[in-house]
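Structure, as structure tokens:
Rendered as structure tokens:
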């Protein structure tokens with residue numbers, strides 16, 4: 008490596024010392040300020056000549072110093088440039104020691120795959136809140152492999168040699184036609200992902216604001232041909248098809264029913280997961296033939312539906328669906344057609360009863376995400392084999408103003424869920440909005456055979472947010488007659504919760520049947536030393552004891 012040389016110090020032309028130590032710096036002539044204030048007159052030619060000589064000498068010195076200043080400024084600019092360059096080199100050298108450069112290519116590729124597939128694992132309905140359907144004017148969200156490939160030649164070689172990185176795409180096609188740049192980028196993903204199956208999300212809700220050509224007036228704008236959806240699905244008079252249905256592993260389609268009603272069926276032999284989002288406000292009674300159960304759907308196991316009125320809108324092999332998610336649906340009668348489903352997630356759904364009672368014998372796991380009360384789901388459905396129930400909200404989830412009337416008594420009847428779930432053994436309350444300790448205890452009181460309990464208290468969004476992990480709840484869990492079969496417990500409370508950690512530890516130490524415990528505060532705040540000591544004792548007893 009080349010040695011870094013020190014920059015030379017500029018010497019004074021007169022004394023030879025460094026310019027900042029020059030002996031002439033302060034050798035100024037005597038001041039004439041006093042003579043000027045006194046109004047001194049110059050009558051003698053010799054005196055005038057003396058002043059003229061002094062002026063000439065000072066101008067000569069000014070010229071010298073101006074030259075010195077210019078040299079210093081040039082030297083300063085050079086030093087600044089050298090400083091910037093050396094800083095950049097130092098940063099580059101530091102980057103050479105980054106831990107990521109020590110990773111084997113196999114691990115680096117795994118990280119890349121996780122980064123590229125993150126979007127594919129997120130539902131379209133998780134991106135767009137159900138009370139606000141507006142979205143950004145984005146054409147394609149799938150640029151992650153492009154960014155990774157632009158870092159360096161090595162990363163680029165990895166990206167180009169790994170087709171799986173290019174199998175995830177989210178296309179924003181809300182205009183009447185796709186832009187050429189978006190189409191070309193999709194074709195690039197399609198080419199580089201061969202021959203692997205694809206995971207593609209298409210948002211295709213027509214927006215009249217995109218009708219820039221003003222080909223028709225407002226009332227006829229929605230009758231425009233939806234060329235972008237035709238192009239993506241491979242229909243119409245097109246030179247090429249952007250989406251190969253034969254390669255689909257996961258398809259998310261965010262489109263109004265009327266845009267799908269005229270399409271002929273497509274074959275998706277590799278399809279494992281299907282998500283379709285419709286719109287109640289645009290529903291005109293037309294279903295879609297795009298998905299027909301007469302076609303090859305032998306691999307389809309997971310289905311997500313949003314804003315669909317009934318299963319008559321679709322023609323799918325309902326009996327083979329094992330994982331089901333329903334979003335933004337108040338009428339849940341559609342549950343009755345899924346005779347083989349194992350895991351059910353109801354997201355932002357109303358849980359009112361709908362008359363009659365159907366026994367759903369196949370589900371074993373039920374998740375209720377951001378759902379609104381009243382909790383009368385078991386008035387319509389019986390879950391005799393359900394073993395796990397999770398109520399989950401996001402930390403920042405709140406109902407908008409138009410839904411405020413539902414929030415006051417949101418969980419007043421949550422304990423009623425237990426009446427239709429006789430086999431329930433696992434309950435998880437995760438960041439639940441407006442759930443109080445009293446309501447949680449009412450629910451747990453209906454489940455004497457519970458073996459697993461998880462309570463993660465929600466971060467406070469305002470002062471009125473109730474606490475779940477309270478002194479009352481801890482006393483309830485400490486009672487000898489409560490939840491005698493409990494084997495696993497997780498208690499996580501928010502940072503501003505003043506509960507006594509000793510009460511939590513008393514519960515864990517008193518329950519001889521516990522095999523696994525997790526405790527802690529949100530955001531990983533430290534627990535008391537005494538708590539840590541007592542947790543160590545539990546581990547010595549053979550219990551799996553973990554800190555959050």
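Residue numbers (the working numbering): 8 to 555. Using N, Cα and C, we set each Cβ at its ideal position, and we do this for glycine too.
In the DSSP assignment, the alpha helix (DSSP H) including residue 57 goes from what residue to what residue? Against the chain shown, residue 57 aligns to sequence position 50. Run containing residue 57: 52-103, per the alpha helix (DSSP H) assignment.
Taking contact to mean at least 3 C-beta pairs separated by less than 8 Å, is the segment 187-198 in contact with the segment 147-161? yes
Between the Cα of residue 556 and those of 386, 322, 52, spot the shortest distance and give me the residue it belongs to. Residue 556 is absent from the structure shown; the chain starts at 8 and stops at 555.
What does the alpha-carbon distance come out to for the pair residue 120 and residue 277? Within the chain shown, residue 120 is the residue found at index 113, counting from 1. Within the chain shown, residue 277 is the residue found at index 270, counting from 1. Looking at the two C-alpha atoms, the distance is approximately 20 Å.
Could you check where the beta strand (DSSP E) with residue 334 kicks off and where it finishes? Along the chain shown, read from residue 1 onward, the residue named residue 334 stands at position 327. First-last of the beta strand (DSSP E) with residue 334: 330-334.
Among residues of its own chain, excluding the 5 on either side of residue 370, which ones have a beta-carbon nearer than 8 Å to its beta-carbon? The residue labelled residue 370 in the question sits at position 363 within the chain shown. Answer for residue 370: 348, 349, 350, 351, 390, 392, 393, listed in chain order.
By DSSP, does residue 429 sit in helix, in strand, or in coil? Translated into positions along the chain shown, residue 429 becomes position 422. DSSP places residue 429 in coil when its eight states are reduced to three.
Could you check whether residue 281 and residue 307 sit closer than 8 Å to each other, using their CB atoms as the reference points? By 1-based counting over the chain shown, the position of residue 307 is 300. By 1-based counting over the chain shown, the position of residue 281 is 274. For residue 307 and residue 281, yes; Cβs fall inside 8 Å.
Taking one C-beta from the segment 503-519 and one from the segment 438-452 each time, how about it: are there three or more such pairs within less than 8 Å? no
Between 109, 529, 368, 435, which lies nearest to residue 399 when the distance is taken from Cα to Cα? Here residue 399 refers to the residue found at position 392 when the chain shown is read from its first residue. Residue 399 has its Cα closest to that of 435, out of 109, 529, 368, 435.
Thinking just about the alpha-carbon of each residue, which of 540, 255, 431, 70 is nearest to the one in residue 201? To locate residue 201, count along the chain shown from 1; it is residue 194. Closest option to residue 201, Cα to Cα, is 255.
Whole-angstrom distance between residue 89 and residue 80, CA atom to CA atom: The residue labelled residue 80 in the question sits at position 73 within the chain shown. The residue labelled residue 89 in the question sits at position 82 within the chain shown. Between residue 80 and residue 89, the C-alpha separation is close to 14 Å.
Within 8 Å, strictly: CB atoms of residue 431 and residue 480: On the chain shown, residue 431 is found 424 positions in, with the first residue counted as 1. On the chain shown, residue 480 is found 473 positions in, with the first residue counted as 1. The answer is no: Cβ separation not under 8 Å.
DSSP puts residue 280 in a beta bridge; with which residues? Taking the chain shown and counting its residues from 1, the one referred to as residue 280 is at position 273. 257, 309.
Straight-line CA distance for residue 368 to residue 346? Position 361 of the chain shown, counting from 1, holds the residue named residue 368. Position 339 of the chain shown, counting from 1, holds the residue named residue 346. The alpha-carbon atoms of residue 368 and residue 346 are separated by roughly 8 Å.
Spatial distance of residue 187 from residue 174 (CA atoms): Within the chain shown, numbered from 1, the residue matching residue 187 stands at position 180. Within the chain shown, numbered from 1, the residue matching residue 174 stands at position 167. Approximately 20 Å between the Cα atoms of the pair.
Host alpha helix (DSSP H) of residue 443 (start-end): Locating residue 443 in the chain shown gives position 436, where the first residue counts as 1. Neither: residue 443 is in no alpha helix (DSSP H) and is coded neither H nor E.
Report yes if the CB atom of residue 402 is closer than 8 Å to the CB atom of residue 465, and no otherwise. The residue you call residue 402 lines up with position 395 of the chain shown. The residue you call residue 465 lines up with position 458 of the chain shown. Cβ distance < 8 Å, so residue 402 and residue 465 count as in contact.
Local Cβ density within 10 Å of residue 500, reported as buried at 16 or more and exposed below that: Counting from 1 along the chain shown, the entry for residue 500 is found at position 493. Result: buried.
C-beta atoms of residue 273 and residue 252 nearer than 8 Å: Mapped onto the chain shown, residue 273 falls at position 266. Mapped onto the chain shown, residue 252 falls at position 245. Contact: yes.
Which listed residue (177, 165, 257) has its alpha carbon closest to that of residue 205: Position 198 of the chain shown, counted from the start, is the residue given in the question as residue 205. The candidate whose alpha carbon is nearest that of residue 205 is 257.
So what does DSSP say about residue 152, is it helix, strand or coil? Locating residue 152 in the chain shown gives position 145, counting from the first residue. In this structure, residue 152 counts as helix in the three-state DSSP scheme.
Helix, strand or coil at residue 25 according to DSSP, with G and I counted as helix: Taking the chain shown and counting its residues from 1, one reaches residue 25 at position 18. Correct three-state label for residue 25: strand.
Nearest neighbour of residue 475, chosen from 449, 489, 488, 455 [CA to CA]: Position 468 of the chain shown, counting from 1, holds the residue named residue 475. Looking at the Cα atoms, 449 is the closest of the given residues.
I'd like to confirm the pairing. Which residues does DSSP put opposite residue 435 in its beta bridges? Translated into the one-based positions of the chain shown, residue 435 becomes position 428. According to DSSP, residue 435 bridges with 397, 461.
How many whole angstroms separate the CB atoms of residue 388 and residue 427, which I take to be in contact at a CB cut-off of 8 Å? Counted from its first residue, the chain shown places residue 388 at position 381. Counted from its first residue, the chain shown places residue 427 at position 420. With 8 Å as the limit, residue 388 and residue 427 qualify as a contact, their Cβ atoms being about 6 Å apart.
Limits of the beta strand (DSSP E) - the one that residue 553 falls within: In the chain shown, counting from the first residue as 1, residue 553 sits at position 546. Here the beta strand (DSSP E) through residue 553 covers 551-554.
Minimum C-alpha distance to residue 372 - residue among 344, 339, 331: Here the question's residue 372 lines up with position 365 in the chain shown. Residue 372 has its Cα closest to that of 331, out of 344, 339, 331.
Residue 355 and residue 338: beta carbons closer than 8 Å? The sequence position of residue 355 within the chain shown is 348, counting from 1. The sequence position of residue 338 within the chain shown is 331, counting from 1. No, they are not a contact pair.
According to DSSP, is residue 275 helix, strand or coil? Position 268 of the chain shown holds residue 275. Coil at residue 275, not helix or strand.
According to DSSP, is residue 382 helix, strand or coil? As a position in the chain shown, residue 382 is number 375, starting the count at 1. Coil.
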